[in-house]
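> Quick mapping for you: the protein sequence lines, in order, are chains P and R.
Using our numbering, read the first sequence as starting at 1 and increasing by one per residue.
Using our numbering, read the second sequence as starting at 1001 and increasing by one per residue.
There are 2 protein chains.
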Amino acid sequence: MMHRWSSWCRQVPSVVEPKARAFVSAQQVAERAGVSRSAVSRTFTAGASVSDATRRKVLRAAEELGYHVNHLARGLIHDESGIVSLLVAEMATPFQSAMLAALTRRLQAADRVALVIDTSGGVDGVEAALRRSLNYRAGASVVLSGAPSASLVAACVNSGQRVVLINRDDPIAGPAQVSVDNAAAAREALHMLDRCGCRRVALVSSTAGTPSIVTREQAFTAAAAERGIACTVVRAGPTGYAAGFDAGRSVLSGSVRPDAAFCVTDLLACGFMDAATRAFGLAIPDELCVIGFDDIEQAGWAAYDLTTFRQPVDEMAGHIMALLTAPEPDGTVRRFHATPVWRGSVRPR
Amino acid sequence: MMHRWSSWCRQVPSVVEPKARAFVSAQQVAERAGVSRSAVSRTFTAGASVSDATRRKVLRAAEELGYHVNHLARGLIHDESGIVSLLVAEMATPFQSAMLAALTRRLQAADRVALVIDTSGGVDGVEAALRRSLNYRAGASVVLSGAPSASLVAACVNSGQRVVLINRDDPIAGPAQVSVDNAAAAREALHMLDRCGCRRVALVSSTAGTPSIVTREQAFTAAAAERGIACTVVRAGPTGYAAGFDAGRSVLSGSVRPDAAFCVTDLLACGFMDAATRAFGLAIPDELCVIGFDDIEQAGWAAYDLTTFRQPVDEMAGHIMALLTAPEPDGTVRRFHATPVWRGSVRPR
DNA sequence: AGCAATGATGCACAGGTGGTCAAGCTGGTG
DNA sequence: CACCAGCTTGACCACCTGTGCATCATTGCT
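#1: At what residue ranges does the stretch 30 to 90 of chain P contain a whole run of the beta strand (DSSP E), taking only runs of 3 or more?
#2: Closer than 6 angstroms by C-beta to L165(P): which residues in its own chain qualify, once you throw out the five before and the five after it? Chain order, please.
#3: Residue range of the beta strand (DSSP E) that A972(R) falls in?
#4: With the cut-off set at 8 angstroms, would you say A1128(R) and V1084(R) are in Cβ contact?
#5: For chain R, find out if any of its Cβ atoms is closer than 8 angstroms to the Cβ of R131(P); answer yes or no.
#6: If we cut at 8 angstroms on Cβ distances, does Q1311(R) have a partner in chain P?
#7: Output yes or no for whether 8 angstroms exceeds the beta carbon distance between L87(P) and T119(P).
#8: For S255(P), which three-state DSSP category applies?
#9: If we ignore side chains and look at the alpha-carbon of each, how far apart do Y47(P) and Q27(P) end up?
#10: Could you name the residues of the stretch 1289 to 1304 of chain R whose beta carbon sits closer than 9 angstroms to any beta carbon of chain P, in the order they occur along the chain?
#11: In angstroms, rounded to a whole number, what distance separates the CA positions of A30(P) and V1153(R)?
#12: Under 8 angstroms between the Cβ atoms of F272(P) and A261(P)?
#13: Measuring only the C-alpha atoms, how far is F1336(R) from V1180(R)?
#14: Can you find the residues in the same chain that come closer than 8 angstroms, C-beta to C-beta, to Q1161(R), ignoring five residues on each side of it along the sequence?
#15: Determine whether the Cβ of L1072(R) lies closer than 8 angstroms to any Cβ atom of chain P.
#16: By how many angstroms is the C-alpha of A1033(R) removed from the C-alpha of T207(P)?
#17: Which stretch, first to last residue, makes up the beta strand (DSSP E) that contains R1310(R)?
#18: Using a Cβ-Cβ cut-off of less than 7 angstroms, give me the residues of the stretch 1094 to 1108 of chain R that come near chain P, in sequence order.
#19: Per DSSP, what kind of secondary structure is V157(P) in: helix, strand or coil?
#20: Check whether the Cβ of G44(P) lies closer than 8 angstroms to any Cβ atom in chain R.
#21: Look at the alpha carbon of S212(P) and the alpha carbon of A1110(R), and state the distance between them as a whole number of angstroms.
#22: Given G1344(R), which residues of its chain have a CB within under 6 angstroms of its CB, disregarding the five upstream and five downstream residues?
#23: Any residues in the stretch 46 to 77 of chain P with a beta carbon nearer than 8 angstroms to a beta carbon of chain R? Which ones, in chain order?
#24: Residues in the same chain with beta-carbon distance under 8 angstroms from S41(P), minus the five sequence neighbours each way, listed in chain order, please.
#25: Can you name the residues that DSSP bridges to V142(P)?
#26: Taking D295(P) as the reference, which of R278(P), T325(P), T277(P), V264(P) has the closest Cα?
#27: I'd like to check one pair, I1229(R) with D1194(R): are the Cβ atoms closer than 8 angstroms?
#28: Would a check of beta-carbon distances place M1321(R) closer than 8 angstroms to chain P?
#29: Tell me whether L288(P) sits in a helix, a strand or coil according to DSSP, three-state version.
#30: Using a Cβ-Cβ cut-off of less than 9 angstroms, give me the residues of the stretch 1263 to 1284 of chain R that come near chain P, in sequence order.
#31: Hey, F1309(R) and A1185(R) are a contact pair by Cβ (cut 8 angstroms); roughly how many whole angstroms apart?
#32: Report the option in T239(P), G197(P), A183(P) whose CA atom is closest to the CA atom of A223(P).
#33: What first and last residue would you give for the beta strand (DSSP E) that runs through D1118(R)?
#34: At 7 angstroms on the CB atoms, spell out the chain R contacts of G139(P), in chain order.
#35: Tell me whether W342(P) is buried or exposed, calling it buried when 16 or more other Cβ atoms sit within 10 Å of its Cβ.
#36: What number of angstroms, rounded off, separates the C-alpha of R74(P) from the C-alpha of S1036(R)?
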């Protein structure tokens, strides 16, 4: 910048020129190419009518000057910037980062761009994030985690934004929702454990009352009660490895040990398994069966070899893209099936 | 586009009404509040001069209408949108997602916003990503992975963008660089292994020739040669768990087994350790010492308990922010020290 | 009371782009 | 050669906000 400026000064010694703008504008390209600015605009607008000679001149001048169309100004007119904001807390988590990656890739393929907003800091985190999304005239907001207030969601929808909520099981009207059939999967988890003879089951959860986690909890305990299987619930902290480890340490130290555990998250399951094998020397799955949820990458690692339920991240991302590009906004709830992935942490049948 | 047009036609049959804009503009707020649009603008501009009564009227009208300042138009004037683009490949990787999270959080704290761009697809991926960054008039670009061509970096710098390259050990002039002292760490890794009596060392790397990985390789093998320690190099695929596992399977099946391994990445180390313990029943660290690099979260998990070198992600993010907000751009290379984190995968002394 | 100083307000323009419309140009046909 | 059709072009406006400048009200001081 400094350099630019000084060289510029040398070129134009003493004129008033208020500001040295760094970005190249279409006007400058037009002057260099010897055409009107409209021609430049048309050259970069799909479907516009430009002669081949003009287009070549323009492209050449643009290349030489380093011109790039200003999407901000373009969005100013179209009332949509091509930006889609992704609201996420704990984005370093394996599951969230996988979802983020899938969405980002697909957005780019559709000539859109992902604005990632961290919604840590509870409710106002999400509120502030949604406001930012509006500030940048994002065409859509995808809420990966957190609970925006209904009024703010309404504000987004009123502004013409598409809003998609992921994995919130408490349906609020208005935005589209993409979720996973948590209840069915949790029930199936219990049945799987039941079928291989487990009688004393632990439900490993977290203190974060995310709706999808609560749903898994409730469905699992209900299914256990229905089948007459004892079920103890452990929550040792916020969702994560440490909470799983601590939960394992506390629930496995009792006199009557559970012979199976359903962890509402793979991260919890990893911590739980490590506690079981390292701190108590238990053999999995012989002495203890474990089932997780999400199918994060680590679940497939040999150290865990965790039987779990796969959230179809890529299909979900695809459906979200369909929602964003659909002609009409759509307030329906789409629920994907979480398929069990059989690995070695549960005894075969 | 096509759709846009047809729906537009249907919406507005014959009247002139050009478009039903969804976002609220400052003009509408001004009308409702009974003031001029300038007053609205000044109300939302820090340090502008507005009377308290006017401000209250404006804020109230804005609240009622759901007005949000259009950062696109604002950026149009200032020639900078407040957007910082983060270019990253493999963003679901633990290390990259941690860096992404740290940067995003800090950017938000500084009232900026993160545009995440996936640079998968090799060199043109990065090129296209940088172009996008220019399209959105990002004030800065942070390249977390990938090798942009020098000419495109120059284009960004010429446009007034700050460019920061992370963990590229091949210094190209112009942009600021933030890196880690890979060579020193790799040398220290060898010394650590040497000091606990390891004589046959494996270097587990990947087929992706990332500059920082190459540096670690070279420094490690050079140090081994210097101390007269045998070192075999294994590369079983692109950086990741699977490549580490495969590398372990191939290098540990030989007749002369290495008694130590330096994995240039924690992910490789996890795979390598799993191969060693699961496929060969080796005891770590008694029969095999392992050192990793990055200190991703999984390195601290009990299943691995991996001695590794910590990349100070948060400090690096802080320094990057300082680079972005500094008054003058800065083309220097800042090299952080990668500190060893002693855990259980290496025999004590 | 008169004057100066301070502060608030509105007007008009800039900033880069897309779209509309009338006019110019090219080429083909009678 | 005249005429028409269709493509290309350039001028102009709209989009939304920040800001310099002039105007006006208010207040404090002499």
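In this text, a Cβ means the ideal position worked out from N, Cα and C, and glycines have one as well.
Taking the coordinates as given:
#1: 83 to 88
#2: Locating residue 165(P) in the first sequence gives position 165, counting from the first residue. Excluding positions up to five away in sequence, the list reads V143, P175, Q177.
#3: In the structure as shown, chain R starts at 1001 and stops at 1349, and residue 972(R) therefore has no counterpart that could be examined.
#4: In the second sequence, the residue the question calls residue 1128(R) occupies position 128. In the second sequence, the residue the question calls residue 1084(R) occupies position 84. No. Outside cutoff.
#5: Mapped onto the first sequence, residue 131(P) falls at position 131. Output row for R131(P): interface = yes.
#6: Position 311 of the second sequence, counted from the start, is the residue given in the question as residue 1311(R). Closer than 8 angstroms: no.
#7: Here residue 87(P) corresponds to residue number 87 of the first sequence, with the count starting at 1. Here residue 119(P) corresponds to residue number 119 of the first sequence, with the count starting at 1. Contact: yes.
#8: Walking along the first sequence from the start, residue 255(P) turns up at place 255. The answer is coil: DSSP assigns S255(P) none of H, G, I, E or B.
#9: Taking the first sequence and counting its residues from 1, one reaches residue 47(P) at position 47. Taking the first sequence and counting its residues from 1, one reaches residue 27(P) at position 27. Residue identity check: residue 47(P) is Gly in the sequence provided, not Tyr. If you take the alpha carbons of G47(P) and Q27(P), they lie about 21 angstroms apart.
#10: E1297, Q1298, G1300, W1301, A1302, A1303, Y1304
#11: Here residue 30(P) corresponds to residue number 30 of the first sequence, with the count starting at 1. Here residue 1153(R) corresponds to residue number 153 of the second sequence, with the count starting at 1. If you take the alpha carbons of A30(P) and V1153(R), they lie about 24 angstroms apart.
#12: Translated into the one-based positions of the first sequence, residue 272(P) becomes position 272. Translated into the one-based positions of the first sequence, residue 261(P) becomes position 261. Result yes, Cβ atoms of F272(P) and A261(P) sit closer than 8 angstroms.
#13: On the second sequence, position 336 is the one that residue 1336(R) refers to. On the second sequence, position 180 is the one that residue 1180(R) refers to. Their Cα atoms are separated by approximately 5 angstroms.
#14: Indexing the second sequence from 1 puts residue 1161(R) at position 161. The residues are S1133, L1134, A1138, G1139, A1140, S1141.
#15: Residue mapping note: residue 1072(R) aligns to position 72 of the second sequence, counting from 1. It does; some Cβ of chain P falls within 8 angstroms.
#16: Here residue 207(P) is taken as the residue at index 207 of the first sequence, counted from 1. Here residue 1033(R) is taken as the residue at index 33 of the second sequence, counted from 1. Near 46 angstroms, if we compare the C-alpha coordinates of A1033(R) and T207(P).
#17: Here residue 1310(R) is taken as the residue at index 310 of the second sequence, counted from 1. Note, R1310(R): beta strand (DSSP E), 1308 to 1310.
#18: S1097, A1098, L1100, A1101, T1104, R1105, Q1108
#19: Working through the first sequence from its first residue, we reach residue 157(P) at position 157. Looking at V157(P) - three-state DSSP - the assignment turns out to be helix.
#20: If you number the first sequence from 1, residue 44(P) lands on position 44. According to the sequence shown, residue 44(P) is Phe rather than Gly. Not closer than 8 angstroms to any Cβ of chain R, the Cβ of F44(P) fails to qualify, so no.
#21: Locating residue 212(P) in the first sequence gives position 212, where the first residue counts as 1. Locating residue 1110(R) in the second sequence gives position 110, where the first residue counts as 1. Distance between the alpha carbons of S212(P) and A1110(R) is about 32 angstroms.
#22: Residue numbering aside, residue 1344(R) sits at position 344 when the second sequence is read from its first letter. D1305, listed in sequence order.
#23: A46, G47, G66, H68, V69, N70, H71, L72, A73, G75, L76
#24: As a first step, residue 41(P) must be located in the first sequence, where it is residue number 41. Only A26, A48 meet the Cβ criterion.
#25: Taking the first sequence and counting its residues from 1, one reaches residue 142(P) at position 142. In DSSP, V142(P) forms a bridge with L86(P), V164(P).
#26: Start at 1 with the first residue of the first sequence, and residue 295(P) comes out as number 295. The residue with the shortest Cα to Cα distance from D295(P) is V264(P).
#27: Working through the second sequence from its first residue, we reach residue 1194(R) at position 194. Working through the second sequence from its first residue, we reach residue 1229(R) at position 229. Contact: yes.
#28: In the second sequence, residue 1321(R) corresponds to position 321, counting from 1. Taking Cβ atoms only, chain P never reaches closer than 8 angstroms to M1321(R), which makes this a no.
#29: By one-based count along the first sequence, residue 288(P) stands at place 288. Coil.
#30: C1270, G1271, M1273, D1274, A1275, T1277, R1278, A1279
#31: Residue 1309(R) sits at position 309 when you count from the first residue of the second sequence. Residue 1185(R) sits at position 185 when you count from the first residue of the second sequence. Confirmed, Cβ separation roughly 5 angstroms.
#32: Residue 223(P) sits at position 223 when you count from the first residue of the first sequence. The candidate whose alpha carbon is nearest that of A223(P) is A183(P).
#33: The residue given as residue 1118(R) occupies position 118 in the second sequence. It spans 1113 to 1118 - the beta strand (DSSP E) in which D1118(R) sits, taken as one unbroken run.
#34: Position 139 of the first sequence, counting from 1, holds the residue named residue 139(P). Residues of chain R passing the Cβ test: none, with the nearest at roughly 10 angstroms.
#35: Your numbering for residue 342(P) matches position 342 in the first sequence. It counts as exposed.
#36: Reading the first sequence from its first residue, position 74 is the one you call residue 74(P). Reading the second sequence from its first residue, position 36 is the one you call residue 1036(R). Computed Cα separation, rounded: 26 angstroms.
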